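>
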Amino acid sequence: MQDVGKAYADAGTRVQALAGVSFEVPAGALVALVGPSGSGKSTLLRLLAGLERLDSGRILVDGQPLVESGAVAYMPQRDLLLPWRRLIDNLTLGLEIQGLDRTEARARARALLPTFGLEGFEQAWPPALSGGMRQRAALLRTVLLGRDTLLLDEPFGALDALTRLELQDWLAGMWQAAGWTLLLVTHDVEEAVYLADRVVALGPRPGRVVLELEVDLPRPRDRGLLGSPSFGRQVGRLLAALGHPSGLA
Numbered sequence: 087m088q089d090v091g092k093a094y095a096d097a098g099t100r101v102q103a104l105a106g107v108s109f110e111v112p113a114g115a116l117v118a119l120v121g122p123s124g125s126g127k128s129t130l131l132r133l134l135a136g137l138e139r140l141d142s143g144r145i146l147v148d149g150q151p152l153v154e155s156g157a158v159a160y161m162p163q164r165d166l167l168l169p170w171r172r173l174i175d176n177l178t179l180g181l182e183i184q185g186l187d188r189t190e191a192r193a194r195a196r197a198l199l200p201t202f203g204l205e206g207f208e209q210a211w212p213p214a215l216s217g218g219m220r221q222r223a224a225l226l227r228t229v230l231l232g233r234d235t236l237l238l239d240e241p242f243g244a245l246d247a248l249t250r251l252e253l254q255d256w257l258a259g260m261w262q263a264a265g266w267t268l269l270l271v272t273h274d275v276e277e278a279v280y281l282a283d284r285v286v287a288l289g290p291r292p293g294r295v296v297l298e299l300e301v302d303l304p305r306p307r308d309r310g311l312l313g314s315p316s317f318g319r320q321v322g323r324l325l326a327a328l329g330h331p332s333g334l335a
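Have a look at this one:
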């Protein structure tokens, strides 16, 4: 992202959501985007997903303009599973929209059900699935689009605490095995440090980059790291950059 800006009209007033945002997501990296409400995190993902247009700046993927790359898939905050379609047909929806034959689309989805912990549930209706299963289903639907880069907008925000911890570790393992490039939005600074190679912090509106933190923690990571001095220092740096009183300079 190079000097990206975005504004909206609100009741006749121009509201600057993002101003001069520049950062890089290296291929194969997991980068987390944090910031207070209204800092433009979700707006940034929608721009990257091609759902909104830039006012200024450039977004390049592998050196190509975003609209020409075809390399990005977006998972919104809500799972958006359609209640009138069984799980298998929710998973294949994106492929069907792309024009793939339904039989082939289902075969591709079925091949990944065990990996995503959904084997045996392909005929289930969405209301019968747990919150964690719904989020794994939403991620599988995104992965089936076959893109190299995944944009995840607060994928764990609606989950209970224990399910959230479980899926954090599950996602980290999936990412390392698959080699995806991930950009993940979260409000949780500890989640960002625990999962990411790099954390980009946005300040209050208009969103600007106030810190890029290279996370210095070994992989694979486990929960024992959360009590380490290094983890605490890196969380403290982010909190300080975001203006939180408990942050450490």
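Quick note: the sequence shown uses our numbering, first residue 87, plus one each step.
Ideal Cβ positions, reconstructed from N, Cα and C, are used throughout, including at glycine.
For clarity, every value in this text was computed on a predicted model and none was experimentally measured.
Where do the ends of the alpha helix (DSSP H) carrying Glu182 lie?
Residue 182 sits at position 96 when you count from the first residue of the sequence shown. Note, Glu182: alpha helix (DSSP H), Leu179 to Ile183.
> Return helix, strand or coil for Leu268, following the three-state DSSP convention.
The count along the sequence shown starts at 1 and reaches residue 268 at position 182. Leu268 falls in the strand class under three-state DSSP.
> Which same chain residues, not among the five before or five after Ser108, have their C-beta less than 8 angstroms away from its C-beta?
Reading the sequence shown from its first residue, position 22 is the one you call residue 108. Hits under 8 angstroms: Met87, Gln88, Asp89, Val90, Gly143 and Val295.
> Relative to the alpha-carbon of Met260, which residue among Val275, Asp239 and Val229 has its alpha-carbon at the smallest distance?
Taking the first residue of the sequence shown as 1, we reach residue 260 at position 174. If we check each option's Cα against that of Met260, Val229 comes out closest.
> What is the residue span of the alpha helix (DSSP H) that Thr228 lies within?
On the sequence shown, position 142 is the one that residue 228 refers to. Thr228 -> alpha helix (DSSP H) spans Gly217 to Val229.
> Whole angstroms are fine: how far does the CA of Arg222 sit from the CA of Arg164?
Start at 1 with the first residue of the sequence shown, and residue 164 comes out as number 78. Start at 1 with the first residue of the sequence shown, and residue 222 comes out as number 136. Roughly 12 angstroms separates the two Cα atoms.
> Would you tell me roughly how many angstroms separate the C-alpha atoms of Gly265 and Ala247, rounded to the nearest one?
As a working note, residue 265 is residue 179 in the sequence shown. As a working note, residue 247 is residue 161 in the sequence shown. Taking the CA atoms as reference points, Gly265 sits about 27 angstroms from Ala247.
> Nearest to Glu205 by alpha carbon, out of Leu167, Leu173 and Leu231?
As a working note, residue 205 is residue 119 in the sequence shown. It is Leu173.
> For Phe274 and Val120, I'd like the C-alpha separation in whole angstroms.
Along the sequence shown, read from residue 1 onward, the residue named residue 274 stands at position 188. Along the sequence shown, read from residue 1 onward, the residue named residue 120 stands at position 34. According to the sequence as given, residue 274 is Asp; it is not Phe. For Asp274 and Val120, the distance between alpha carbons rounds to 7 angstroms.
> Quick check: Leu281 and Val111, are their CB atoms within less than 7 angstroms of each other?
The residue labelled residue 281 in the question sits at position 195 within the sequence shown. The residue labelled residue 111 in the question sits at position 25 within the sequence shown. No, the Cβ-Cβ distance between Leu281 and Val111 is not below 7 angstroms.
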